[in-house]
Structure formats: C-alpha cells, structure tokens
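Number of protein chains: 2
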Amino acid sequence: MNQRAPHPSFRPAQGAGEGLDWAGVDRLDYKSEGEAPFRGISRRVLFDQPELQGQLRYFEIEPGGYSTLERHEHAHAVVILHGAGRALVGRAVRPVAVPDLVWIAPWSWHQFRAAADRPLGFLCLVNQERDRPQLPTPAERAELAREPALAAFFAGN
Amino acid sequence: MNQRAPHPSFRPAQGAGEGLDWAGVDRLDYKSEGEAPFRGISRRVLFDQPELQGQLRYFEIEPGGYSTLERHEHAHAVVILHGAGRALVGRAVRPVAVPDLVWIAPWSWHQFRAAADRPLGFLCLVNQERDRPQLPTPAERAELAREPALAAFFAGN
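Chains as they are written, first to last, in the working numbering: chain A, 265 to 421; chain B, 265 to 421.
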C-alpha cells in the first residue's frame with residue numbers, strides 16, 4: 265500500500281475547475297469498472313506514507329453520482345471538503361455539506377450521493393491495513409429499501 | 265489516547281463565527297500554558313476512535329497567532345481547511361490556503377502562522393501512538409534564524 269518515494273512538504277491546490285485538485289496528486293479511478301455499482305466518482309490518495317498508519321484519500325462525486333453501497337470491518341472517518349449531497353450510514357440518511365464530519369463504524373452500510381446540481385467531495389481516513397468491502401446481497405438491499413427514506417435515497421430522490 | 269464512547273455517525277458543522285465548529289466537538293487548549301511558546305491557537309479532536317490507528321485533529325489559529333516551533337519523530341499530514349497563513353517545514357516557508365496539503369516528515373522543524381488579518385485552520389492526521397515534541401535549543405533556533413526567510417517568519421513579517 266505504501267509509496268516509498270519521499271513526499272514533498274507542500275502540495276498546493278491547483279486548477280480552476282469545478283472540483284478540487286492538487287499539484288502532483290493523480291486523479292484515479294474509484295474502482296475497477298464492473299467491480300461494483302457506482303457513478304461519476306474519482307479518487308485521489310493525498311497521504312500514503314510509511315510513517316503513517318492511516319491513509320488519507322479524497323473522493324469527488326459528480327452531480328447526480330454516487331459511491332458504492334457497501335460495508336466492511338474497517339472504519340471510515342470522513343470530512344466533507346467540497347460541495348454538498350447526502351450520506352447513508354447504517355439506516356440513517358442525512359444531508360452533508362462542508363465541513364461536516366461523518367463516522368462510518370465497522371460493518372455499517374454506507375453510501376454517498378452528490379446533489380443533483382452540485383458535486384460532493386470528501387476526505388476519508390482509513391487504516392493502512394484493512395479488509396475488502398462487501399456488497400449487499402439482493403435480499404439485504406431489498407431489506408434496506410423497505411425503509412422509505414432509504415428507498416428514496418437509492419432512487420436518487 | 266482513545267475515547268471509548270460510541271461516535272455519532274453525523275457531526276454537522278455549526279455556528280456562524282469566524283472559524284469552524286462542530287456539534288459535540290469540544291474546543292480545547294492547544295497545550296498547557298507555559299509548556300511552549302504559541303499564540304491564539306485552539307485544538308479540536310475530530311476523530312479519535314479505537315478502530316482507527318490515526319487521530320484526526322483540527323487546529324485553528326487566530327489572525328496573527330502561531331503554533332509552537334517544534335519537531336518530533338512522528339509525522340503530520342495536514343490539510344488546510346480554513347483561512348490562510350504560512351507554514352515553516354524544515355527550512356522552507358510557504359504561503360498556505362484552503363485546501364493545500366502539507367507533509368511534515370519525521371524530525372522536521374515546523375510551525376504554522378495565521379495571516380495578520382485572517383485565521384488559519386487545518387486538519388492534522390497523526391498516528392495514535394507518538395512521541396512528545398522537542399523544542400529547539402537557543403542555539404538551534406539561532407541557527408535556523410540565520411536564514412533571512414526564517415528570521416522574517418519568526419518575526420511575523
């Protein structure tokens with residue numbers, strides 16, 4: 265997981281686009297295509313150093329896009345850094361905006377959605393060593409969608 | 265180091281003051297008075313959970329204030345979240361603003377200063393287990409101040 269090259273002391277933000285960007289930080293695919301459902305989301309690894317036991321990433325979701333609905337043993341500590349949208353954690357859906365905090369405890373179902381007309385960008389802290397995400401089975405997803413607020417969230421409403 | 269109480273999933277930002285604030289997150293002293301030189305700086309612990317090996321804090325410096333000049337074995341991964349100022353890392357001084365990234369490698373001298381007319385707020389990721397900071401000896405500080413850019417920074421110019 266670790267990049268062993270020295271890390272520059274300063275990485276200024278750059279660009280005048282809709283979202284956030286930094287000098288020397290690559291915009292990466294969120295996941296491999298077809299691995300899981302998602303739409304319009306990119307990933308940047310901001311800090312991934314051998315001296316740190318945590319890894320800090322920045323995810324940005326285009327207007328109308330969403331991250332994968334998933335859960336795993338490892339936790340996420342999230343800080344909203346750009347734009348606005350909504351987050352599902354466990355069985356709760358809440359609006360989120362800069363600089364709200366979101367805590368995703370182990371094994372909580374979670375998904376982020378950008379607003380229809382605004383992107384959603386957030387920092388996400390994880391442990392360097394972590395397990396792979398699990399997707400819901402059709403039965404698990406149907407069970408979640410029995411709650412009207414979650415059904416509306418899944419439908420993008 | 266860890267707080268063992270359950271962490272709420274959502275902590276919305278709150279307040280309409282000059283700086284950032286979150287529901288349920290205490291504004292703490294930066295350090296004990298007299299322990300080290302600093303001015304006009306507060307500390308908030310955003311995420312400090314047993315499930316995470318990293319701890320995420322938010323520091324905010326009032327206009328004209330500064331953090332302690334120090335170094336230590338542990339590293340800092342910093343994201344500027346509010347306002348603007350300057351940072352000293354090693355022997356480099358750079359302006360910083362939202363959402364710049366600053367990497368403070370082990371044993372690098374470092375200090376943050378808010379602008380004269382603006383606060384400076386930043387996220388700082390550290391390992392949960394870490395050593396105590398060291399202050400410069402008078403000789404070390406004098407040696408650093410031999411560089412004009414660092415002397416001006418120390419003088420607040």
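Every residue gets a Cβ at the ideal spot worked out from N, C-alpha and C, and that includes glycine. Remember, it's a predicted structure, so these values are computed and weren't measured experimentally.
- Would you tell me roughly how many angstroms separate the C-alpha atoms of residue 356 of chain A and residue 328 of chain B, rounded to the nearest one? For this step, residue 356 of chain A is matched to residue 92 along the first sequence. For this step, residue 328 of chain B is matched to residue 64 along the second sequence. Going from the Cα of residue 356 of chain A to the Cα of residue 328 of chain B covers about 42 Å.
Original post:
Between the stretch 318 to 344 of chain B and chain A, which residues of the former have a C-beta closer than 8 Å to a C-beta of the latter?
Top reply: 318, 320, 338, 339, 341 and 343
Notebook entry, point to check: Is it buried or exposed for residue 371 of chain A, if we count other Cβ within 10 angstroms and need 16 for buried?
Noted result: The residue labelled residue 371 of chain A in the question sits at position 107 within the first sequence. With fewer than 16 Cβ atoms within 10 Å of its Cβ, residue 371 of chain A is classed as exposed.
* Close-in-space but distant-in-sequence residues of the same chain around residue 301 of chain B (CB under 7 Å, 5 per side omitted) -> Counting from one through the second sequence, the residue named residue 301 of chain B turns up at place 37. Same-chain partners within the cutoff: 332.
| Looking only at its own chain, which residues have a Cβ that is under 8 Å from the Cβ of residue 278 of chain A, when we skip the five neighbours before and after it? | Taking the first residue of the first sequence as 1, we reach residue 278 of chain A at position 14. So the list reads 285, 286 and 287, once near-sequence residues are dropped.
| request: Say whether chain B places a C-beta atom closer than 8 Å to the C-beta of residue 282 of chain A. | output: Taking the first sequence and counting its residues from 1, the one referred to as residue 282 of chain A is at position 18. No, its Cβ sits nowhere closer than 8 Å to a Cβ of chain B.
Report yes if the CB atom of residue 336 of chain B is closer than 8 Å to the CB atom of residue 290 of chain B, and no otherwise. In the second sequence, the residue the question calls residue 336 of chain B occupies position 72. In the second sequence, the residue the question calls residue 290 of chain B occupies position 26. No, the pair does not count as a contact, with Cβ atoms beyond the cut-off.
query: Listing by chain order, which chain A residues have their CB less than 7 Å from the CB of residue 418 of chain B?
result: Locating residue 418 of chain B in the second sequence gives position 154, counting from the first residue. Ordered by position in chain A, no residue passes the 7 Å Cβ test against residue 418 of chain B, which lies about 18 Å from the chain.
Practice item. Would you mind telling me which residues of chain B sit closer than 9 Å to residue 274 of chain A, beta carbon to beta carbon, in chain order? Key: Mapped onto the first sequence, residue 274 of chain A falls at position 10. Near residue 274 of chain A (Cβ distances below 9 Å), the residues of chain B are 351, 353, 356, 358, 360, 364, 365, 366 and 367.
For the pair the stretch 349 to 366 of chain A and the stretch 376 to 391 of chain A, tell me if three or more CB-CB distances fall below 8 Å. yes
### Task
Tell me whether the beta-carbon of residue 339 of chain A lies closer than 8 Å to the beta-carbon of residue 378 of chain A.
By 1-based counting over the first sequence, the position of residue 339 of chain A is 75. By 1-based counting over the first sequence, the position of residue 378 of chain A is 114. Cβ distance not < 8 Å, so residue 339 of chain A and residue 378 of chain A don't count as in contact.
*Return no unless some Cβ of chain A is closer than 8 Å to the Cβ of residue 376 of chain B.*
Reading the second sequence from its first residue, position 112 is the one you call residue 376 of chain B. Not an interface residue.
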